[in-house]
Amino acid sequence: MFLCEVFRISRSSKICKCVHVLVKFYSTCALQALDFIGESNVNHSNYKELQLRMQNYARSGLFQEAMGTLSSMREIHEKPTVYDYNALMYFFLKSQNVSLPMLVYLYRSMSKFGPYPNASTFNTLFNGMLSLGCLQDSYIIAKEMCASGFTPSFTSLSKMLKKMLKAGILVDSLDVFELMLRLDYYPTESSLNSLISELSKVGMIREVFSVSSALLHTGYLPGAYLRNQVLWALCKAGQSYLALVLFYWMKKKGIVHDVCSYTALIYGFGREGLWKDVCWCLDEMKSSGCKPNVITYTILIKFFCDVGKIEEALDLLAEMEREGCDPDLITYNIVFRGLLFQHRLEDISRLFLMIHKKGFFPDPYTYAALFGNLLKRDKIEIAFELLHDVVSSGCILDVAVYNIFIHFLCCTNKSTNALSLLKYMRERGLMPNNVSYNLILKGFCRENDIHIASQLLDRFDWDANGPDLVSLITLLSAACKEGNFSTSQWILCRMIKGHPLLNAVSLGGLIQYFARVGKFSECLKLLDYMTHHRLKPNLTTSNLLLHKLCKNGLLRIAWPLYVHFRNNGVLVDMISYNVLINASIREGKGMLVDQLFKDMYFQGLKPDLFSYRSR
1 MFLCEVFRIS
11 RSSKICKCVH
21 VLVKFYSTCA
31 LQALDFIGES
41 NVNHSNYKEL
51 QLRMQNYARS
61 GLFQEAMGTL
71 SSMREIHEKP
81 TVYDYNALMY
91 FFLKSQNVSL
101 PMLVYLYRSM
111 SKFGPYPNAS
121 TFNTLFNGML
131 SLGCLQDSYI
141 IAKEMCASGF
151 TPSFTSLSKM
161 LKKMLKAGIL
171 VDSLDVFELM
181 LRLDYYPTES
191 SLNSLISELS
201 KVGMIREVFS
211 VSSALLHTGY
221 LPGAYLRNQV
231 LWALCKAGQS
241 YLALVLFYWM
251 KKKGIVHDVC
261 SYTALIYGFG
271 REGLWKDVCW
281 CLDEMKSSGC
291 KPNVITYTIL
301 IKFFCDVGKI
311 EEALDLLAEM
321 EREGCDPDLI
331 TYNIVFRGLL
341 FQHRLEDISR
351 LFLMIHKKGF
361 FPDPYTYAAL
371 FGNLLKRDKI
381 EIAFELLHDV
391 VSSGCILDVA
401 VYNIFIHFLC
411 CTNKSTNALS
421 LLKYMRERGL
431 MPNNVSYNLI
441 LKGFCRENDI
451 HIASQLLDRF
461 DWDANGPDLV
471 SLITLLSAAC
481 KEGNFSTSQW
491 ILCRMIKGHP
501 LLNAVSLGGL
511 IQYFARVGKF
521 SECLKLLDYM
531 THHRLKPNLT
541 TSNLLLHKLC
551 KNGLLRIAWP
561 LYVHFRNNGV
571 LVDMISYNVL
581 INASIREGKG
591 MLVDQLFKDM
601 YFQGLKPDLF
611 SYRSR
């Protein structure tokens, strides 16, 4: 980016100091070169020897020595030539000791004192900057080259565009794209694909449209992949009408759109709820002789199911059959989901029979949706019978399906049955995961059986890291709720030892809970743990703890705790001060009240109405 800084300096009058430093740098370089000349032998043998010496210095990265030799050529008539300068640049760039400021100095010297840079000068600098990864500087050289009446090659600009896209420099990539079009160059199809893809990823949708428009203006006809990529990018971003403009523009240029182009528009209009446009697009697609494929139909069916138009979705499914377009499992899963939302179990049964006849086997996603819906509707016996039939038929279900049943059993106070289901899973070679175990622990805690839950904590086959924070917090909350503080302390110690990376949020939640139930010793232990691990409670936690301590007549603990908070950068506000002031007045601690008011002013806080009323 050195050239960028140089040209920015030359255009701005507000940074004279930088200009002064740059001029000083150039002057130093020139003086060092002249000093070298003074020390060298002026009786040079001939021009060829000087050329060879200068090139050898440049190859070795000795810029000052190379410049000194170049200046010595001035003893010879009409020397050095622009080709000598170009050679110095070329060999210096190939050395392992290249310095961009030196190159800029040399280039500026040529522009000011001559010989004036030629096409080879610009190409050498451009390719050198490119090889060094100075992409923005190489773009500046390309612009100066054009301003000087020379034209960069298509290969060089194309290479620069590819490198910029790979580096994620999108704004400059657009500048290079515009420069290429001005020079009547068309970027390669792969570069255009990458440009559209990267712009789409970062949400630069207007730029996607601008690039496409610029190409069409020049008469460029994008390939199928590129034009469809543009249409999909616009439609996914909610710009379906812009996509339609490009669609017709391309059509006027003689492009024949394929099923992917029409599907993009159908997706966009459907996503935006423009049903008339969806129907129009579908009719236009068919009238042009382009048949919808399974993706087109699946998108339409999904949109109909999402808005509760299940009859229209079923009609489309039947139309697919008539048109000879076979639905896939994704299509059927979407229809299943739509039927489940409307509790149409008879239609689901018929659809199951239909897909079995076609040789399809529902996947775990299908079964998860089906079982979940049956259990929500209290069709428990049907759900378990179907589960047994599915497993007996040899269909492999994943853990997520079983977890649905476990969750249901635990929520209906049947945690013992959930344990039996774990055994059933293992017998069929499927290992439960931490979610399964945590659901059962929560179930027993819900049933106020913390003793069994604590025993299961060490009996379950947890993953390599053992019980997670969800497991331990579930048990801790249940133990605190029952008033079983021996168990809560045991779990808390286990949490701290087994999970040293407890975060401030989870620890703050525990402190708030213990403060509410009056277990202040546990609060202080957790605060010590947080301080040791450089964690800070938030304002809600600190205020709640101070309030509960003062409410229970423990100002002797609340005051040192406030000092600890203040000294360790924990936030305190007017609520904190008012709580302490009120407690100090109740206990007759007048000096403490004065101290709190002084601290309040020191922190830049002003007493409010509550503070003055307390006093």
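Here the sequence shown is numbered in the UniProt record's numbering, starting from 1 and rising by one per residue.
Here a beta-carbon is modelled for each residue, glycine too, at the ideal position from N, C-alpha and C.
Residue 336 sits away from residue 282, with the two beta carbons spaced by 8 Å or more. When rounded, the separation of the alpha-carbon atoms in residue 118 and residue 147 is 12 Å. In the DSSP assignment, residue 363 falls outside any alpha helix (DSSP H), carrying neither H nor E.
Of all alpha-carbon atoms in 514, 570, 343 and 261, the one lying nearest the alpha-carbon of residue 539 is that of 570. In this structure, residue 261 sits away from residue 242, with a CB-CB distance that is not shorter than 8 Å.
Here the C-alpha atom of residue 543 lies approximately 8 Å from the C-alpha atom of residue 572. Residue 431 sits in coil when the DSSP states are folded into three classes, being neither helix nor strand. Comparing alpha carbon positions, the residue from 173, 440 and 304 closest to residue 410 is 440. DSSP places residue 216 in the uninterrupted alpha helix (DSSP H) bounded by 205 to 217. Your pair residue 158 and residue 187 checks out as a contact, with CB atoms roughly 6 Å apart and the cut at 8 Å. Annotation: the continuous alpha helix (DSSP H) that includes residue 332 extends over 329 to 341. Per DSSP, reduced to three states, the secondary structure at residue 460 is coil, with no helix or strand assignment. In the structure shown, residue 84 falls within a helical segment according to DSSP collapsed to helix, strand and coil. Taking 8 Å as the upper bound for CB-CB distance, residue 581 and residue 596 are in contact here, some 5 Å apart. For the set 247, 593 and 566, the Cα lying nearest the Cα of residue 603 is the one of 566. Judged by DSSP secondary structure, residue 230 falls within the alpha helix (DSSP H) whose first and last residues are 224 to 236.
Beyond the five residues adjoining it in sequence on each side, residue 96 comes within less than 8 Å, by CB distance, of 61 in the same chain, given in chain order. Residue ranges of uninterrupted alpha helix (DSSP H) with 4 or more members, entirely inside the UniProt repeat "PPR" (503 to 537) and ordered along the chain, are 504 to 516 and 520 to 532. Using a 10 angstroms sphere on the CB of residue 69, the tally of other CB atoms reaches 16 or more, which defines it as buried.
Contact check for residue 421 against residue 399 fails: the beta carbons are separated by 8 Å or more. Beyond the five residues adjoining it in sequence on each side, residue 403 comes within less than 6 Å, by CB distance, of 435 and 436 in the same chain, given in chain order. Contact between the stretch 272 to 280 and the stretch 311 to 318 is absent: fewer than 3 CB-CB pairs across the two stretches fall below 8 Å. In the three-state reduction of the DSSP assignment, residue 447 falls in the coil class.
Rounded to the nearest angstrom, the gap between the Cα atoms of residue 135 and residue 113 is 27 Å. Taken in chain order, the unbroken stretches of alpha helix (DSSP H) that lie wholly in the stretch 116 to 147 and span 4 residues or more are 119 to 131 and 135 to 147.
With 16 or more other Cβ atoms from the protein chains shown falling within 10 Å of its own Cβ, residue 407 counts as buried. Assigned with DSSP and collapsed to three states, residue 593 falls in helix.
The C-alpha of residue 446 lies about 15 Å from the C-alpha of residue 470. Per DSSP, the continuous alpha helix (DSSP H) segment holding residue 110 begins and ends at 100 to 113. Scanning its chain for C-beta atoms nearer than 8 Å, with the 5 sequence neighbours on each side dropped, one finds around residue 518 the residues 548 and 552, in chain order. Straight-line measurement puts the Cα of residue 246 at about 45 Å from the Cα of residue 401.
DSSP places residue 381 inside the alpha helix (DSSP H), whose first and last residues are 380 to 392. Judged by beta-carbon spacing, residue 418 lies within the 8 Å limit of residue 443, meaning their Cβ atoms are closer than that value.
The C-beta separation of residue 174 from residue 196 comes to about 11 Å, leaving the pair out of contact by the 8 Å criterion. In this structure, the CA atom of residue 48 is about 17 Å from the CA atom of residue 59. The Cβ neighbour count for residue 361, taken over all protein chains shown within 10 Å, is under 16; the residue is labelled exposed.
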